[in-house]
Amino acid sequence: MSTRLKQFVILTVGVVGALVMVFLGLWQMQVFVDKGNKTVEDRAAQPAVAFEEYLGDDARLRDIYGKQVTIAGTYLPDHQVLVPTDGSYRVLAALEVSDGRILPVVRGLAPSEDAIPAPPPGERHELGLFLPGEGDVKDDRGINVEVPDGQLASVRMPALAQEWTNLVPGFVTLGEGDAADHGLAHAPVSLPTGEGSAQNSGYALQWWVFAAFGLGMAIKLAHSLGVRERKAQEAAALEATRKDATA
Numbered sequence: 000m001s002t003r004l005k006q007f008v009i010l011t012v013g014v015v016g017a018l019v020m021v022f023l024g025l026w027q028m029q030v031f032v033d034k035g036n037k038t039v040e041d042r043a044a045q046p047a048v049a050f051e052e053y054l055g056d057d058a059r060l061r062d063i064y065g066k067q068v069t070i071a072g073t074y075l076p077d078h079q080v081l082v083p084t085d086g087s088y089r090v091l092a093a094l095e096v097s098d099g100r101i102l103p104v105v106r107g108l109a110p111s112e113d114a115i116p117a118p119p120p121g122e123r124h125e126l127g128l129f130l131p132g133e134g135d136v137k138d139d140r141g142i143n144v145e146v147p148d149g150q151l152a153s154v155r156m157p158a159l160a161q162e163w164t165n166l167v168p169g170f171v172t173l174g175e176g177d178a179a180d181h182g183l184a185h186a187p188v189s190l191p192t193g194e195g196s197a198q199n200s201g202y203a204l205q206w207w208v209f210a211a212f213g214l215g216m217a218i219k220l221a222h223s224l225g226v227r228e229r230k231a232q233e234a235a236a237l238e239a240t241r242k243d244a245t246a
């Protein structure tokens with residue numbers, strides 16, 4: 000087998016092996032993402048916890064992000080903000096809870112600005128999903144979306160704090176039954192992306208390191224064969240020259 004053919008075979012094996020290992024790394028990374036998302040979904044499906052038991056300690060409140068909670072309080076009638084969502088409006092209201100703070104609550108989804116019933120009066124006991132605030136909404140150019148006065152582009156807590164004071168660090172989206180009691184449709188909820196097993200992410204990194212190492216070794220070996228062949232040819236040429244000189 001010629002040196003060129005050997006180099007070709009070595010490089011081909013190296014490239015194919017590297018591609019396989021890159022694919023395995025991507026697969027492990029997808030497992031990592033899927034496990035994280037499954038964890039988030041499982042958390043949201045757990046039995047509801049009493050929100051009031053976590054009031055007074057914001058660190059404990061953060062422990063129940065992504066969980067179903069039962070809430071109790073009174074809606075403030077003059078505190079309501081609309082959040083445009085796919086041609087409809089999420090109706091965000093202020094629920095005063097037992098410690099006097101304001102819990103933002105997405106009551107539900109309204110088809111238009113003119114189809115929004117007032118918050119129900121009196122003390123309410125309801126069920127919903129507790130989440131941290133949302134991020135900015137950007138257009139195709141990466142610029143923050145602007146909305147009319149009285150609306151927010153998303154449930155972003157710093158922006159909401161300019162409208163309402165003494166906020167709880169997070170918001171609740173009511174479940175389908177309670178939203179219907181408000182005369183509204185159930186509002187969509189975007190669960191945050193979770194983190195999967197560190198073991199899977201470690202395996203992905205290992206596969207990519209192996210791919211780089213294997214490809215590098217194949218290139219080095221092919222180069223070494225070329226150098227060895229060139230030196231052999233130079234030595235043969237030198238030997239032939241010597242024989243001609245002594246002939």
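Residues in the sequence shown are numbered from 0 upward in steps of one, following numbering that gives the first Met the number 0. Don't be surprised by glycine CBs; every beta carbon is placed ideally from N, CA and C. What you are looking at is a predicted structure, and each value in this text was computed from that prediction instead of being measured.
Taking a contact to require three or more Cβ pairs closer than 8 Å, the region 145 to 159 and the region 126 to 134 qualify as touching.
Sequence-distant Cβ neighbours of N165 in its own chain, meaning closer than 6 Å and more than five residues away, are R100, I101. Secondary structure at P120: coil, using DSSP grouped into helix, strand and coil. Counting C-beta pairs closer than 8 Å gives fewer than three between the region 162 to 179 and the region 109 to 116, which falls short of the contact rule. The alpha-carbon of V171 is positioned some 43 Å away from that of V208. Going by DSSP, A109 is part of the beta strand (DSSP E) stretching over 101 to 109. DSSP places T11 in the helix class (H, G or I) of the three-state scheme.
Scanning its chain for C-beta atoms nearer than 6 Å, with the 5 sequence neighbours on each side dropped, one finds around A160 the residues L166, in chain order.
A Cβ-Cβ distance of about 18 Å is found for the pair E95 and L126, leaving them out of contact under the 8 Å criterion. A residue is called buried once 16 or more other Cβ atoms fall within 10 Å of its Cβ, and V105 is buried on that count. DSSP, read as helix, strand or coil, puts H222 in helix. Following the DSSP letters along the chain, one finds L159 inside the alpha helix (DSSP H) bounded by residues 156 to 160. Within the DSSP bridge table, the entry for E95 names T73, I101 as partners. According to the DSSP assignment, G176 belongs to the alpha helix (DSSP H) that extends over 175 to 180. Here the alpha carbons of L173 and L10 stand approximately 59 Å from one another.
If the five residues before and after I218 are omitted, its C-beta is found closer than 8 Å to the C-beta atoms of L10, G13, all from its own chain and listed in chain order. Of the candidates L91, L18, Y64, the residue whose Cα lies closest to the Cα of G149 is L91.
Distance from the CA atom of M216 to the CA atom of L4, rounded to whole angstroms, is 17 Å. Taking A211 as reference, the option from G16, A179, G65 with the minimal CA-CA separation is G16.
Approximately 4 Å separates the beta-carbon atoms of L108 and A184; this is inside 8 Å, confirming the contact. Among the bridge pairs identified by DSSP, E125 is matched with I70.
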